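Just below is one structure, and these are the notes that go with it.
Chains as they are written, first to last, in the numbering used here: chain R, 1 to 474; chain C, 1001 to 1474.
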């Protein structure tokens, strides 16, 4: 359970949220100490403490005799918005084969995992989960096996429902389906709302698994320009929705993979309204939502859904238990369809890992673990970002996400990131080249780096080596 | 590890196998004791002990002053072979909805589970598996999580490969992919060898999940007549293969669901040759192969594959650990495609249940458990079959499978089995009506009964009640 923040933490929290929501922009001056005292009814020392905390976090900076200003991130990436284009079918298989090779390479523990999709294994409470699993299995009754078909273990679903409710997202009692990780949830949700040949709107760049799933389900994609800070371009999306019949929209409003973009609350609300207006379901991939660097969990788009049109997918794989493959879908008005598809494709999710997680959640240690994990990931992101700025070619631009554990790099246009990736692999360093993240190989000089491996002694050397390789290719 | 059988058990075993293989047919006289002594070089008492064992098992009967004869099962079902017909698309959704309702109903522990797909939960070594799981998780290293992507835990795959090898089916080292139960394996294999719109040959009647999977993957089915004793009609299959382009064949050569048919060895061999000749992959669903009532495991069709065209799928869900959802595919020359599809659809199989099973297999208790399970299921099948013969209308015919845990009943044609199912459900008894097992609702007066619940005190009353309801509707 979260502890109550002190008054100054609460204040810093509110300011941070205002920055997240785009209400306080980089370079903007914070309200003066006097003004804030007056407005919030707190003492000057509380305000100073709050502003100091924001400064420590690198969110604001002091300008002598002027005041506190929202930090403008150094060499930050704010991509020019690209027009939305439908994806040519022919490139699909190549993306999938490349992604497959990348996954293969990250299986080898000797390779430095800058291309990996997961945070470092030692960040997770492996032993506590094992104890929970042992305890839960001792209590297992044989009948539970059939009663958990197909939607999942009832205790786990209750615990999930409670977390949603505490985040202000009440769910219907039968809306949740437990799945084999978020990836199965996304597959099932997409299949529930599409037919082969349909068009699906996705972000650009987009998570390569989305491209693979579309490929597998014989769907066509239209890629919508996406801002590295504020997420998908709603004007571009609106234009596409007006122009053609879109069967579904698949987006990551919180810490988009690979950009790390966080849609401000107002933008999420507008997105949900826009899609509801056009009757288009939103498949919301929210696997990084718990890994925020600010003080509060950003709400999912699902929080603003009034028509049951948002199918919210997440998992424990990035936050608690990679390898357990426990995810879920809260599929709105499509919940029964998703459950039926689940029955046809894998029948049910493995019970022991569900019971282990349910027991672990019941112990009340999850939020404490998450707080530690968030702090470690946020620090490591800043640390690796500084290394990137030091070692990569001077014109390299890099995102500064407010959560998740990826950096997205735009290298000088002359650097072929795929060639860089292959060269680095030969030196035992993996990375995720930009071409993976679009069907039409748009991001040729871009790279996604995993910064979720704090404490791995190989990271610094690998980032330097990668940067030097890039420089030699520029 | 299996114990060595005594000499007389070995002899009985060989005779049983000859019956399984169709070399000794019902009503046929066994070789005389003298002849067998001579041929096998054993003593008369060994032969008498062997024949006595076969008699105890109900496989042979003594005719005074004449000898031993292969038993002809009472009121056994040997269906007239039906012509193969392509499946009309329109009926698909109805089957799926009905199957969904059936599954929902069997979740309720208060309902007598004659319609269930699983054996009784208490037949499985739940506690030993839990201990194995706890032990394995204490040893887990965080790196294992990524190294097990996507094909599965290496120790488990080694153990599986060993079992295949001992059954005379050597596998390539990277042929196995661990899946979320056999159902995911079947889905992935089918997807690896087909495109939407393709035609797939299946048995008739067939396992309803096969119909659902075809529905999900937008495939068309051609149903091949299937004999309740010897399995799919090869002449009918050959005619279809000559007549039209078939993309794949999905069959259960061992203890077919729902018929319990066991293809004799010669027939399996001919099947594999026929399909290889036409270049058609065989997806072999072998989830009941370990649950044989005879003395030896029937080989899978995969054992006769020389071209890598057989994709063999199975799981531990019916033999060891329902609810763990650990299955696998040995997908021959399609193994890499299956692995790639697995990466796109669920990324990987949950690790804790894989590790639990790998540890359990390493303890050497699996074969002992299987022997006990087989004996319990075989006895219960005979017991329930006698109850059916006693309580159902006189003209009811019923299969006598040599493995698995289903009986297939052909009721008088006037009994609407779906109506019977609904009536029984109202009385708290589930059953699986025949219409579930064909897309064109061919088996209107047929019923599949689960006889895998030995020791459940409600079974006898439920079978009697069901029989009386059927009689009242005849």
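C-beta: ideal position from N, C-alpha, C; glycine also. This one's a predicted model, so the numbers in the text were calculated from it and none came from an experiment.
Interface partners of residue i on chain R, CB under 7 angstroms
| i | result |
| --- | --- |
| residue 1122 of chain C | 142 |
| residue 1184 of chain C | 345, 346 |
| residue 1340 of chain C | 96, 100 |
Local Cβ density within 10 Å of residue i, reported as buried at 16 or more and exposed below that
| i | result |
| --- | --- |
| residue 1153 of chain C | buried |
| residue 1064 of chain C | exposed |
| residue 1080 of chain C | With a pLDDT of 43 at residue 1080 of chain C, under the threshold of 50, the modelled position of that residue is not reliable, and no figure is offered here. |
| residue 345 of chain R | buried |
| residue 1244 of chain C | exposed |
| residue 1062 of chain C | exposed |
| residue 364 of chain R | exposed |
| residue 162 of chain R | exposed |
| residue 1231 of chain C | buried |
| residue 1372 of chain C | exposed |
| residue 277 of chain R | exposed |
| residue 302 of chain R | buried |
Three-state class that DSSP yields for residue i in the structure shown
| i | result |
| --- | --- |
| residue 93 of chain R | Bear in mind that the predicted position of residue 93 of chain R carries a pLDDT of just 42, short of 50, making it too unreliable to give a figure here. |
| residue 403 of chain R | strand |
| residue 1086 of chain C | No answer about residue 1086 of chain C holds up, because its pLDDT of 48 lies below 50 and its placement is not dependable. |
| residue 104 of chain R | helix |
| residue 248 of chain R | strand |
| residue 1008 of chain C | helix |
| residue 1220 of chain C | strand |
| residue 1080 of chain C | Any reading at residue 1080 of chain C needs caution, since the residue's pLDDT is 43, under 50, leaving its predicted position unreliable; the model's value is listed next. Residue 1080 of chain C: coil per DSSP, three-state reduction. |
| residue 1164 of chain C | helix |
| residue 1145 of chain C | helix |
| residue 292 of chain R | strand |
| residue 384 of chain R | helix |
| residue 29 of chain R | strand |
| residue 341 of chain R | helix |
| residue 1415 of chain C | coil |
| residue 211 of chain R | helix |
| residue 262 of chain R | strand |
| residue 1172 of chain C | coil |
| residue 1019 of chain C | helix |
| residue 159 of chain R | helix |
| residue 368 of chain R | helix |
| residue 1391 of chain C | helix |
One or two residues paired with residue i in a DSSP bridge
| i | result |
| --- | --- |
| residue 204 of chain R | R:225 |
| residue 61 of chain R | R:69 |
| residue 231 of chain R | R:227 |
| residue 1254 of chain C | Paired residues: none, contrary to the question. |
| residue 1410 of chain C | C:1397, C:1446 |
| residue 429 of chain R | R:112 |
| residue 1329 of chain C | C:1177, C:1313 |
| residue 435 of chain R | None; residue 435 of chain R has no bridge partner. |
| residue 1199 of chain C | C:1220 |
Delimiting residues of the alpha helix (DSSP H) encompassing residue i
| i | result |
| --- | --- |
| residue 48 of chain R | 44-56 |
| residue 1189 of chain C | 1181-1193 |
| residue 38 of chain R | 33-40 |
| residue 1467 of chain C | 1459-1473 |
| residue 354 of chain R | 351-362 |
| residue 1137 of chain C | 1126-1139 |
| residue 1276 of chain C | 1265-1278 |
Contact set between residue i and chain C, taken where Cβ atoms lie within less than 7 angstroms
| i | result |
| --- | --- |
| residue 212 of chain R | 1344 |
| residue 450 of chain R | Residues of chain C passing the Cβ test: none, with the nearest at roughly 12 angstroms. |
Endpoints, beta strand (DSSP E) assigned at residue i
| i | result |
| --- | --- |
| residue 1284 of chain C | 1282-1285 |
| residue 447 of chain R | 446-450 |
| residue 1312 of chain C | 1310-1315 |
Partner residues on chain R for residue i, Cβ-Cβ distance less than 8 angstroms
| i | result |
| --- | --- |
| residue 1405 of chain C | Here the premise fails: no neighbours, minimum Cβ distance about 15 angstroms. |
| residue 1316 of chain C | Neighbours of residue 1316 of chain C on chain R: none; closest Cβ ~11 angstroms, over 8 angstroms. |
Contacts of residue i in chain C (Cβ-Cβ under 8 angstroms)
| i | result |
| --- | --- |
| residue 257 of chain R | Within chain C, no residue comes near residue 257 of chain R; the closest Cβ sits about 14 angstroms away, beyond 8 angstroms. |
### Task
Please list the residues of the stretch 318-333 of chain R that have a C-beta atom closer than 8 angstroms to any C-beta atom in chain D, keeping them in chain order.
Considering every chain present, this structure includes no chain D. Its protein chains are R and C.
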